[in-house]
Every structure is written in C-alpha cells, then in structure tokens.
C-alpha cells in the first residue's frame with residue numbers, strides 16, 4: 055500500500071472502506087502436526103462427521119461436482135444422515151443462481167443434513183474450519199485454479215482435505231504420501 059501511495063495512487067483511507075493487506079496465512083497460522091494429542095498425519099484416517107464444500111459458488115470452483123458426489127453418497131444409504139456444509143459466497147453457475155442449484159439437488163437427497171454458510175467473511179470461515187477440525191473433511195473441487203489459497207487455509211486448519219489436481223493447488227501441500235489430491239469428478243470425490 056505504501057508503494058502505491060508513493061506512486062500517487064489514491065486509495066480509500068476512510069474507516070468504512072480502508073485499503074487492507076491480508077497477511078500471509080503461513081505467518082498467522084501455525085503448522086499443526088497434532089491437535090489435542092491426536093496425530094494429524096495425512097496417512098492416518100479419522101472419523102468424518104462433516105463434509106464441507108469450501109469455495110465461492112462459481113462454475114470453476116466445482117460446486118456441481120461436489121453436489122454430484124453428495125448425490126452418489128446419499129444413494130449408498132449411509133446408516134446415519136451425512137452432515138454436509140456449503141461454505142462460501144453465493145453466485146451463479148452458468149445462468150442458474152447457486153441457491154436454486156442447491157435447492158434442486160437437496161430435493162433429491164434422502165439422508166443429508168445440509169447447512170449453508172454463505173455470508174461468512176474470510177476470518178469467519180477460518181474460525182469455522184478450526185472448530186472441531188479433526189472431524190471435518192474439506193473438499194476443494196475446482197475445475198481449474200491458479201494458486202487456491204483455500205487449499206492452504208484448509209490444510210493449516212487441521213481439517214482433512216480432498217482437493218483437485220487441477221491447477222496449482224497440488225503445489226501448495228506436501229505431496230509425498232498425500233492421497234487427497236485427485237482427478238476431480240463426482241464419482242472420484244465420492245470414492246475418496
């Protein structure tokens with residue numbers, strides 16, 4: 055911001071619309087090898103109590119892929135309802151508002167508890183992920199990406215993570231022994 059000011063840019067200084075630089079997440083969040091004494095090694099499976107879609111509701115973020123995977127899991131008739139959370143801002147998928155797409159999908163489900171968290175800011179989302187993180191599975195289903203910060207945020211929250219091989223996400227996590235990076239389709243996500 056200082057560089058921009060020095061070059062003559064006029065940036066908002068008002069209290070209600072300030073220019074803000076988000077600090078690098080790696081500096082703010084410690085790497086968690088353990089939480090409450092539990093080993094968080096990616097090779098050690100944990101009990102999933104909540105499946106989370108983490109991303110804006112855009113076609114490239116893979117919301118349709120995620121909903122397809124949930125439909126597959128629902129047809130498997132799990133013994134208990136699956137808790138599914140959609141964490142990210144509303145948008146459009148093609149010409150369809152994401153809320154309409156979600157409503158259509160949910161009407162076909164028989165054993166899914168759906169929670170929509172669409173008005174969280176970045177800090178709220180990170181706080182949500184860090185609560186009971188050892189039981190949450192975060193899915194980042196992007197069809198293509200550059201360098202998705204959601205991958206870093208989810209990985210550093212301590213949640214389990216499944217992400218797409220598309221784009222630069224795979225470069226943001228240590229890939230040795232990490233099975234959570236997959237070719238993202240509804241079937242492959244449901245299998246994972």
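Numbering (the numbering used here), first residue to last: 55 to 246. Here a beta-carbon is modelled for each residue, glycine too, at the ideal position from N, C-alpha and C.
For secondary structure counted as the beta strand (DSSP E) over 3 or more consecutive residues, the region 142-212 holds these complete runs in sequence order: 166-171 and 190-194.
Residue 235 has 217 as its beta-bridge partners, per DSSP. Here the alpha carbon of residue 165 sits roughly 22 angstroms from the alpha carbon of residue 195. Between residue 141 and residue 113 the beta-carbon gap is near 18 angstroms, outside 8 angstroms, which marks them as no contact. For residue 126, the enclosing alpha helix (DSSP H) covers residues 117-129. Beyond the five residues adjoining it in sequence on each side, residue 191 comes within less than 8 angstroms, by CB distance, of 102, 104, 105, 106, 213, 214, 215 and 216 in the same chain, given in chain order. Between residue 150 and residue 238, the C-beta gap is not smaller than 8 angstroms, which leaves the two residues out of contact. Contact annotation: residue 209 and residue 126 have beta-carbon atoms that are not nearer than 8 angstroms. Counting along the chain, residue 58 sits inside the alpha helix (DSSP H) bounded by residues 56-60.
Beta-carbon to beta-carbon, residue 167 and residue 136 are separated by about 7 angstroms, close enough to satisfy the 8 angstroms threshold. For the set 206, 187 and 62, the Cα lying nearest the Cα of residue 222 is the one of 206. Minimum Cα-Cα distance from residue 186 among the listed residues 62, 211, 226 and 236 corresponds to 211. If you compare the alpha carbons of 152, 139, 176 and 62 with that of residue 189, the shortest gap goes to 139.
For residue 220 against residue 197, the beta-carbon gap comes to about 6 angstroms, under 8 angstroms, which counts as contact.
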